[in-house]
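Visitor: Take a look at this one; I'll ask things after.
Residue numbers (the numbering used here): 5 to 410.
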């Protein structure tokens, strides 16, 4: 039984969030349901399609601040379990520079691919016993980027991605199956992103491939009074294949659609928890936790309407839940599938201010995790962004100053 408790808590510590991927990390795409792959014109293309930075002003900067909060309510024989109210800060910035005498653009950005957590101060286990479940997980990427303007219509780009991830968790219960555990670990990982941007009259196309990013965590794990060195193996950010298309219906109205396919089944098969000095532990070493996630297709549709210096945005995003029900716990509930977003932007000289709100519609799944068997978990979330953009050095898409390879 103790083995089950450790397995459950380690897996929920690792993911500790209600959604692995953010649909967007900026105030523009965040208002259009995450539609970004074929949308030209600002430095945040570094995050979605590196080829897009060939369409910017000679110098473009963007900075984003955001906040997210999520709620997972658990319905079981013990009644309804409510999470603590937590707000998690988000932030990103990007800078891109288009050379005036060569068909090359450079950029650099830092953004969160996921950042979340969960906390239950009084999680009822039955028999008058309660547990405290607290966890936080974050993964950010730093991405130096280069793009090449091949022809008037075609650009390609690539990013080298450096990821840094942290896990912190503190869980306690008087119930022996759970007991007390504390974990702190971090990791550095590497990957890449490759993009194509093609424009034909009023229609633009974006194609992007993101490589798998293996993440090997190292840290400390405390089990009661026993402190152990811990490695977590098998955690991998998956391969992602993406296609986006956008069309400017008029000079003021643009709509777009993005499709993303995540190879979770190639990445989230199982996790291995290896403790270097766990001789006194009652748990096996290494401990293997099956995940069995499915591949996932997500779709986003959105648009923006420009009225003078004002821009209004709407969007919708759908992504089928990839998680097997055995891996769903109160602090691992990546079951949200539907997002509805709105956004607004205003231009003030060379400055643009963008605001977005993402409502993640509640979704309910039944957990098959041994500790929460047949418990219905309902998860929803809210994310808001404020982004500031500044551009200088010349007009965007000035053909007299834009160079191409051919």
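Backbone N, C-alpha and C define an ideal beta-carbon position, used for all residues, glycine too.
Three-state secondary structure (DSSP) at residue 224?
Guide: Residue 224 falls in the strand class under three-state DSSP.
Visitor: For residue 146, tell me which candidate among 160, 175 and 192 has the shortest Cα-Cα distance.
Guide: Looking at the Cα atoms, 192 is the closest of the given residues.
Visitor: Here's the rule: buried if 16 or more other CB atoms are within 10 angstroms of the residue's CB, otherwise exposed. What is residue 258?
Guide: So residue 258 ends up on the buried side.
Visitor: Consult DSSP for residue 151 and reduce its assignment to one of helix, strand or coil.
Guide: Residue state, collapsed to three classes: strand.
Visitor: Can you tell me whether DSSP reads residue 45 as helix, strand or coil?
Guide: Correct three-state label for residue 45: coil.
Visitor: Considering only their Cβ atoms, is the gap separating residue 29 from residue 94 smaller than 8 Å?
Guide: Yes, Cβ-Cβ distance for residue 94 and residue 29 is below 8 Å.
Visitor: Report yes or no: do the segment 348-364 and the segment 293-301 share at least 3 C-beta pairs separated by less than 8 Å?
Guide: They do not touch, by the three-pair rule.
Visitor: Within 10 angstroms of the Cβ of residue 231, are there 16 or more other Cβ atoms? Answer buried if so, exposed if not.
Guide: Exposed, because fewer than 16 other Cβ atoms sit within 10 Å of the Cβ of residue 231.
Visitor: Taking 8 Å as the threshold (beta carbon to beta carbon), is residue 353 in contact with chain C?
Guide: Given the protein chain composition of this structure (a single chain), no chain C is represented.
Visitor: When DSSP labels each residue in this structure, what does residue 37 get in the three-state scheme?
Guide: Here residue 37 sits in coil by DSSP.
Visitor: Work out the CA separation of residue 322 and residue 289 for me, nearest whole Å.
Guide: The alpha-carbon atoms of residue 289 and residue 322 are separated by roughly 39 Å.
Visitor: Which partner residues does residue 201 have in the DSSP bridge list?
Guide: DSSP lists 159 and 210 as partners of residue 201.
Visitor: Could you tell me whether the Cβ atoms of residue 234 and residue 189 are closer together than 8 Å?
Guide: Yes, Cβ-Cβ distance for residue 234 and residue 189 is below 8 Å.
Visitor: Are there three or more Cβ pairs, one per stretch, closer than 8 Å when the segment 54-64 is compared with the segment 194-202?
Guide: Verdict: yes, contact present.
Visitor: Does DSSP classify residue 262 as helix, strand or coil?
Guide: Strand, per DSSP.
Visitor: Only counting runs of 3 or more residues, tell me where the beta strand (DSSP E) segments fall wholly within the segment 67-105, in order along the chain.
Guide: Segments of the beta strand (DSSP E) lying fully in the segment 67-105: 83-85 and 92-102.
Visitor: Quick check: what's the CA-CA separation for residue 396 versus residue 65?
Guide: Between residue 396 and residue 65, the C-alpha separation is close to 9 Å.
Visitor: Determine the extent of the beta strand (DSSP E) in which residue 239 is found, giving its start and end residues.
Guide: Segment 230-241, the beta strand (DSSP E) holding residue 239.
Visitor: State the start and end residues of the unbroken beta strand (DSSP E) segment that holds residue 311.
Guide: Note, residue 311: beta strand (DSSP E), 300-311.
Visitor: Pull up the distance between the alpha-carbon of residue 206 and that of residue 156, whole angstroms please.
Guide: Taking the straight line joining both Cα atoms gives about 14 Å.
Visitor: Just to confirm, is the Cβ distance from residue 35 to residue 346 under 8 Å?
Guide: Yes. Within cutoff.
Visitor: What is the residue span of the beta strand (DSSP E) that residue 295 lies within?
Guide: Unbroken run through residue 295: none, as it is neither H nor E.
Visitor: Over what stretch of residues does the beta strand (DSSP E) that includes residue 254 continue unbroken?
Guide: Looking at the DSSP string, residue 254 is not in any beta strand (DSSP E), and its letter there is neither H nor E.
Visitor: Is the separation between the beta-carbon of residue 60 and that of residue 46 shorter than 8 Å?
Guide: Yes, the pair counts as a contact, with Cβ atoms nearer than the cut-off.
Visitor: Using 8 Å as the cut-off, can you tell me whether the segment 36-43 makes contact with the segment 97-105, which would need three or more C-beta pairs spanning the two stretches below that distance?
Guide: Verdict: no, contact absent.
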